[in-house]
Amino acid sequence: MKGFNQLLKISLLALIAALPLTQVSAQPAPEWPTKSITLIATYAAGGSADTRMRLLARKLTEKLGQPVVVENKGGAGGVIGTSVIAKAAPDGYTIGSGNMAPLAVNPSLMKKMPYDPVKDIAPIILIESSPLVLSVANSLPVKNLAELIAMAKNAPGTLTFGSSGVGGAHHLSGEMFREIAGLDITHVPYKGGSPAATDLMAGHLSMMFEMGNSALPSIQAGKIRPLAVTSKTRLAILPDVPTMAESGVADFESYNWQGIIGPAGIPPAIIEKLNKVLNEILQDPDVLKAIADTGSQPRGGSADDFARFIGVEREKWAKVITTAGIKAE
Numbered sequence: 091m092k093g094f095n096q097l098l099k100i101s102l103l104a105l106i107a108a109l110p111l112t113q114v115s116a117q118p119a120p121e122w123p124t125k126s127i128t129l130i131a132t133y134a135a136g137g138s139a140d141t142r143m144r145l146l147a148r149k150l151t152e153k154l155g156q157p158v159v160v161e162n163k164g165g166a167g168g169v170i171g172t173s174v175i176a177k178a179a180p181d182g183y184t185i186g187s188g189n190m191a192p193l194a195v196n197p198s199l200m201k202k203m204p205y206d207p208v209k210d211i212a213p214i215i216l217i218e219s220s221p222l223v224l225s226v227a228n229s230l231p232v233k234n235l236a237e238l239i240a241m242a243k244n245a246p247g248t249l250t251f252g253s254s255g256v257g258g259a260h261h262l263s264g265e266m267f268r269e270i271a272g273l274d275i276t277h278v279p280y281k282g283g284s285p286a287a288t289d290l291m292a293g294h295l296s297m298m299f300e301m302g303n304s305a306l307p308s309i310q311a312g313k314i315r316p317l318a319v320t321s322k323t324r325l326a327i328l329p330d331v332p333t334m335a336e337s338g339v340a341d342f343e344s345y346n347w348q349g350i351i352g353p354a355g356i357p358p359a360i361i362e363k364l365n366k367v368l369n370e371i372l373q374d375p376d377v378l379k380a381i382a383d384t385g386s387q388p389r390g391g392s393a394d395d396f397a398r399f400i401g402v403e404r405e406k407w408a409k410v411i412t413t414a415g416i417k418a419e
């Protein structure tokens, strides 16, 4: 028995002596990043979302000292690219754009998703929010939002609003306007925002919620009449156009937005570093100008802030989709 006890004691001492080595071997790999990073743009090349990701990729390359390469994975309203991000290895070497549709709208609009927008995604930072502008055709005899609402209530079912398709920001903003203001207006979906905007200018539509940068040329040319913007504050590119709240429609905010996300399981230290660097990039004059020039507003904040924002957006649009009975096409 004495020999056994002595052997046990020796074994325990050997185990304790080995613990520091075990702890050392469990330490993280060399400081991230040590190689190139892939940034997935979830929409097609050439669009505003892609342009913004490429600008951020250049700035990240400068800050991190490693190449950040943009790969476009468009399709299905951003779902395909978001699925690629969600299924990537959680090592910080694959990140991408996180947008309104695939993270906050499609979970309520689509019957089945290839990823769980809560469990499979790690929010990193909200980059920008892009308010919409509610404009009317010049042929409509209204000068402000109050007059538009009065006209719609006096002639229920006669006014129309166009959109780029079912479930997009144009459409959902119109549905939320209809619900909050208590209106009977008719949705007319198009295959893209451009044909809808063309029909608005021609007077074939009564109104449309359109992205600020898209609407600006037509507004400046006097081809449509802007009544309100959907943000909490006025837009720098349209300083004379009031917000929906200023115009009498309380609790109305609508944005198309995008941030940076990664797959769930990325080490917190990597998320923290990315968040810090991207917050710094959002103070860069070139980036601020690029955001303002497209009618958007810079955001930033912590990863937790972005996660909470996505949750609020998901709940808001789920209510709109359910109330309006919207189904994916």
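Each residue of the sequence shown is one higher than the last, beginning at 91 in the working numbering.
Don't be surprised by glycine CBs; every beta carbon is placed ideally from N, CA and C.
Would you list the one or two residues that DSSP bridges to residue i?
{"i": "Gln-387", "result": "Ser-219"}
{"i": "Arg-315", "result": "Val-226"}
{"i": "Gly-349", "result": "Gly-188 and Leu-216"}
{"i": "Asn-162", "result": "Ala-131"}
{"i": "Val-278", "result": "Gly-252"}
{"i": "Thr-333", "result": "Val-319"}
{"i": "Met-298", "result": "Ser-225 and Gly-252"}
{"i": "Ile-400", "result": "BP columns for Ile-400 are empty, so no partner."}
{"i": "Ile-211", "result": "Pro-353"}
{"i": "Leu-328", "result": "Leu-325"}
Please return the same chain residues whose Cβ sits closer than 6 Å to the Cβ of residue i, not counting the five positions on each side in sequence.
{"i": "Glu-403", "result": "Ala-194"}
{"i": "Val-114", "result": "Summary for Val-114: the model assigns pLDDT 35, below 50, so the residue's position carries little reliability, and this model does not support an answer."}
{"i": "Asn-346", "result": "Met-190, Ser-220 and Ala-259"}
{"i": "Thr-276", "result": "Thr-250"}
{"i": "Ala-242", "result": "Leu-249, Leu-273 and Ile-275"}
{"i": "Ile-420", "result": "No information on residue 420 is available, as it lies outside the stretch 91 to 419 that the chain covers here."}
{"i": "Ile-309", "result": "Pro-316"}
{"i": "Ala-382", "result": "Ala-326"}
{"i": "Phe-399", "result": "Leu-216"}
{"i": "Val-367", "result": "Lys-153"}
Rank the options by C-alpha distance to the C-alpha of residue i and give the top, closest one.
{"i": "Ala-182", "options": "Ile-351, Thr-250, Gly-302 and Leu-306", "result": "The sequence given here has Gly at residue 182, not Ala. When each option's Cα is compared against that of Gly-182, the closest is Ile-351."}
{"i": "Asp-206", "options": "Ile-175, Ser-225 and Ile-314", "result": "Ile-175"}
{"i": "Gln-387", "options": "Arg-142, Lys-125 and Ser-126", "result": "Arg-142"}
{"i": "His-294", "options": "Val-226, Leu-372, Asn-244 and Lys-233", "result": "Val-226"}
{"i": "Val-410", "options": "Ser-263, Gly-137 and Leu-235", "result": "Ser-263"}
{"i": "Ala-147", "options": "Glu-419, Ile-217, Val-208 and Val-169", "result": "Ile-217"}
{"i": "Met-297", "options": "Pro-285, Lys-243 and Leu-238", "result": "Leu-238"}
{"i": "Gly-338", "options": "Ala-240, Ile-185, Ile-170 and Thr-184", "result": "Ala-240"}
{"i": "Gly-168", "options": "Lys-153, Met-203 and Lys-281", "result": "Met-203"}
{"i": "Lys-313", "options": "Gly-188, Asp-376 and Thr-288", "result": "Thr-288"}
{"i": "Thr-413", "options": "Asn-303, Arg-268 and Ala-382", "result": "Arg-268"}
{"i": "Ile-279", "options": "Ala-418, Tyr-133, Thr-128 and Trp-122", "result": "According to the sequence provided, residue 279 is Pro. The question's Ile does not apply to it. Out of Ala-418, Tyr-133, Thr-128 and Trp-122, Ala-418 has the C-alpha closest to the C-alpha of Pro-279."}
{"i": "Thr-128", "options": "Gly-136, Ser-392, Lys-163 and Ile-309", "result": "Lys-163"}
{"i": "Asp-395", "options": "Lys-233, Pro-192, Ile-214 and Gly-165", "result": "Ile-214"}
{"i": "Asn-234", "options": "Asp-383, Leu-317, Pro-307 and Ile-371", "result": "Leu-317"}
{"i": "Gly-282", "options": "Ser-254, Ala-245, Leu-290 and Met-266", "result": "Ser-254"}
{"i": "Ile-416", "options": "Ala-286, Ala-397 and Met-266", "result": "Met-266"}
{"i": "Glu-405", "options": "Ala-135, Trp-122, Ser-138 and Val-208", "result": "Val-208"}
Can you give me the Cβ contacts of residue i inside the same chain, cut-off strictly under 8 Å, excluding the 5 residues immediately before and after it?
{"i": "Lys-322", "result": "Thr-333, Ala-335 and Glu-343"}
{"i": "Ser-126", "result": "Gln-156, Pro-157, Val-158, Val-159 and Tyr-183"}
{"i": "Thr-320", "result": "Pro-221, Leu-222, Val-223, Leu-224, Ser-263, Phe-299, Thr-333, Met-334, Phe-342, Glu-343, Ser-344 and Tyr-345"}
{"i": "Ile-371", "result": "Leu-146, Lys-149, Leu-150, Lys-153 and Val-377"}
{"i": "Thr-124", "result": "Gln-156"}
{"i": "Lys-420", "result": "Past the edges of the chain, shown from 91 to 419, lies residue 420, and the structure says nothing about it."}
{"i": "Leu-328", "result": "Val-223, Gly-302, Leu-306, Ile-309, Pro-316, Val-319 and Gly-385"}
Apart from the five residues just before and just after residue i, which ones in its own chain have a Cβ nearer than 7 Å to its Cβ?
{"i": "Met-301", "result": "Ser-220, Leu-222, Asn-346 and Gly-385"}
{"i": "Ala-271", "result": "Ile-239 and Val-339"}
{"i": "Leu-378", "result": "Pro-388"}
{"i": "Ala-393", "result": "Pro-213, Ile-214, Ile-215, Ile-361 and Asn-365"}
{"i": "Arg-315", "result": "Ser-225, Val-226 and Asn-228"}
{"i": "Asn-196", "result": "Gly-167, Val-169 and Met-203"}
Report the CB separation of residue i from residue j in whole angstroms; it is logged as a contact under 8 Å.
{"i": "Pro-353", "j": "Lys-177", "result": "7 Å"}
{"i": "Ser-198", "j": "Ala-408", "result": "4 Å"}
{"i": "Gly-55", "j": "Gly-349", "result": "Nothing can be reported for residue 55, as the shown portion of the chain is limited to 91 through 419."}
{"i": "Leu-290", "j": "Gly-252", "result": "6 Å"}
{"i": "Gly-390", "j": "Pro-180", "result": "23 Å between Cβ atoms; not a contact."}
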